[in-house]
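Chemist: Each residue of the sequence shown is one higher than the one before, counting from 1 in my numbering. Please find one structure pasted underneath; my questions will follow.
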Amino acid sequence: PLPANSGIILERTDLSQNNRIDARFDQVVDTRNCTVLQNAHGVSLSTIDHVMAARCAYGITNVLIGVSGPEVPIMDGSSAPFMELIAQAGIQDQMVSAPYIRIEKPIEVRLENRFVRLEPSSSFSCKYSIDFNGRQGLAPQSHTYLHSLESFTGDICRARSFGFYEDAQRFWAMGLAKGSSLENAVVIDNGHVMNPEGLHYFNEMVRHKILDALGDLYLAGAQIQGHMICHNGGHELNSMILQKLFEDPKAYTLVQGIPMESFTNNQN
1 PLPANSGIIL
11 ERTDLSQNNR
21 IDARFDQVVD
31 TRNCTVLQNA
41 HGVSLSTIDH
51 VMAARCAYGI
61 TNVLIGVSGP
71 EVPIMDGSSA
81 PFMELIAQAG
91 IQDQMVSAPY
101 IRIEKPIEVR
111 LENRFVRLEP
121 SSSFSCKYSI
131 DFNGRQGLAP
141 QSHTYLHSLE
151 SFTGDICRAR
161 SFGFYEDAQR
171 FWAMGLAKGS
181 SLENAVVIDN
191 GHVMNPEGLH
201 YFNEMVRHKI
211 LDALGDLYLA
221 GAQIQGHMIC
231 HNGGHELNSM
241 ILQKLFEDPK
251 AYTLVQGIPM
261 ESFTNNQN
């Protein structure tokens, strides 16, 4: 745990200096296969989205996360292992209500047949859809999510990364993605799931997209109060919508946290 108002800090424990990276949207340097952060000294850390999604679910705002290498462990490809470890460790109540970012007007980013949109809402929710364009006969998937710890734990956190076996073979031939396996991703071959245990959810792919979005959006520095609509999104669009949001001061309001004692006194 870190003191109140410290934010989330990632530390490369395998390095002795200049090894801390703020978990913020303006530290994103790559979004091709995962979200990669990098500090001013060129120290980077990749695959931060799954652990950030777990922090978002629990509403953790001040924490130091140590990682002994350039990538957060992929675990089983979901946020479930991180959720379990946080539950075991416990959460420290710092007696300050967490800040949040209220969306004040609609903003949108489009790239060809992909888009993401944020709209004003009284809470965070997400309507997400993906279309595989008929690849291997896969049907489109969609899911609507209303954010809460219970909803994330029951409906989202076990959704794993996914990909196609033919793509994995190509990556392996190039010396990439060597750690990918059926133990940390849903793998599809000729339209069928190769994992012997099958899917965790009938529409696991789109639910994992929501998981990624929650992790990426938490790089805003606080929970977002707004409704997200996304089609064929991913890390790139998640990063772009945050950039666009903070470029327009009229698009959002940062509602600062206050000491819980003050809130209680005002209520009384």
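We treat Cβ as the ideally placed atom computed from N, Cα and C, and that holds for glycine.
According to DSSP, simplified to helix, strand and coil, what is Gln-94?
Modeler: Of the three classes helix, strand and coil, the one that applies to Gln-94 here is coil, per DSSP.
Chemist: Does the CB of Ser-46 have a neighbour CB from chain D at under 7 Å?
Modeler: No chain D is part of this structure, which consists of one protein chain only.
Chemist: Opposite Ser-46 in the DSSP bridges: which residues?
Modeler: Answer by DSSP bridge pairing, in chain order: Val-36 and Glu-71.
Chemist: If you compare alpha carbons, which of Ala-57, Asp-248 and Pro-73 is closest to Gln-223?
Modeler: The shortest C-alpha separation from Gln-223 is found at Ala-57.
Chemist: Are the beta-carbon atoms belonging to Val-72 and Thr-47 less than 7 Å from one another?
Modeler: Yes, these two residues count as a Cβ contact at 7 Å.
Chemist: Apply the 10 Å Cβ neighbour rule to Glu-204 and answer buried if 16 or more other Cβ atoms are within range, or exposed otherwise.
Modeler: When all chains shown are included, Glu-204 counts as buried.
Chemist: Could you check how far apart the C-beta atoms of Tyr-284 and Ala-159 are, in whole angstroms? I think they sit under 8 Å.
Modeler: Residue numbering for the chain in the displayed model covers 1 to 268; residue 284 lies beyond these limits and cannot be assessed.
Chemist: From the DSSP output, in three-state form, read off Lys-127 for me.
Modeler: In this structure, Lys-127 counts as strand in the three-state DSSP scheme.
Chemist: Quick check on Gln-272: buried or exposed, where buried means 16 or more other Cβ atoms within 10 Å of its Cβ?
Modeler: Outside the modelled stretch of the chain, which goes from 1 to 268, sits residue 272, for which no answer is possible.
Chemist: What's the gap between the Cα of Ile-86 and the Cα of Asp-248?
Modeler: Answer to the nearest angstrom: the Cα atoms are 35 Å apart.
Chemist: For Leu-254, count the other beta carbons within 10 Å of its own beta carbon; 16 or more makes it buried, fewer makes it exposed. Which is it?
Modeler: When all chains shown are included, Leu-254 counts as exposed.
Chemist: Within 10 angstroms of its Cβ, does His-208 collect 16 or more other Cβ (buried), or is it exposed?
Modeler: Buried.
Chemist: Given a threshold of 16 other Cβ atoms within 10 Å of its Cβ, counted over all protein chains shown, does Val-187 qualify as buried or as exposed?
Modeler: Under this definition Val-187 is a buried residue.
Chemist: Are the Cβ atoms of Met-95 and Ala-54 separated by less than 7 Å?
Modeler: No, they are not a contact pair.
Chemist: Please state whether the Cβ-Cβ distance between Pro-1 and Gly-257 is less than 7 Å.
Modeler: Against a cut-off of 7 Å, the Cβ pair of Gly-257 and Pro-1 comes out as no contact.
Chemist: With distance defined between alpha-carbon atoms, name the residue in Tyr-252, Ser-239, Lys-250 and Ser-142 nearest to Arg-110.
Modeler: Minimum Cα distance to Arg-110 is reached at Ser-239.
Chemist: Figure out for me which residue from Ile-60, Gly-134 and Ser-78 has the closest Cα to the Cα of Ile-91.
Modeler: For the residues Ile-60, Gly-134 and Ser-78, the minimum Cα distance to Ile-91 belongs to Ile-60.
Chemist: With a cut-off of 8 Å, do at least 3 Cβ pairs link the stretch 113-126 to the stretch 39-46?
Modeler: No: the two stretches stay apart, fewer than three of their Cβ pairs being nearer than 8 Å.
Chemist: Determine the closest residue to Ser-68 out of Glu-108, Arg-20 and Gly-234, with distance taken between C-alpha atoms.
Modeler: If we check each option's Cα against that of Ser-68, Arg-20 comes out closest.
Chemist: For a minimum of 4 consecutive residues, which ranges assigned as the alpha helix (DSSP H) are wholly contained in the stretch 111-170?
Modeler: For the stretch 111-170, not a single whole alpha helix (DSSP H) run of length 4 or above is found.
Chemist: Please list, in chain order, all residues of the same chain as Gly-152 whose beta carbon is under 6 Å from its beta carbon, the five residues on each side excluded.
Modeler: Here the sequence assigns Phe to residue 152, which means Gly is not the residue at that position. Correct list, in chain order: Ala-57.
Chemist: Gly-191 by DSSP, collapsed to three states: which one?
Modeler: Coil.
Chemist: Can you give me the C-alpha to C-alpha distance between Gln-114 and Glu-236, rounded to a whole angstrom?
Modeler: Looking at the sequence itself, residue 114 is Arg, so the reference to Gln does not match. Answer to the nearest angstrom: the Cα atoms are 11 Å apart.
Chemist: Starting from Leu-254 and walking both ways along the beta strand (DSSP E), at which residues does that stretch end?
Modeler: Where Leu-254 is concerned, the enclosing beta strand (DSSP E) stretches over 252-255.
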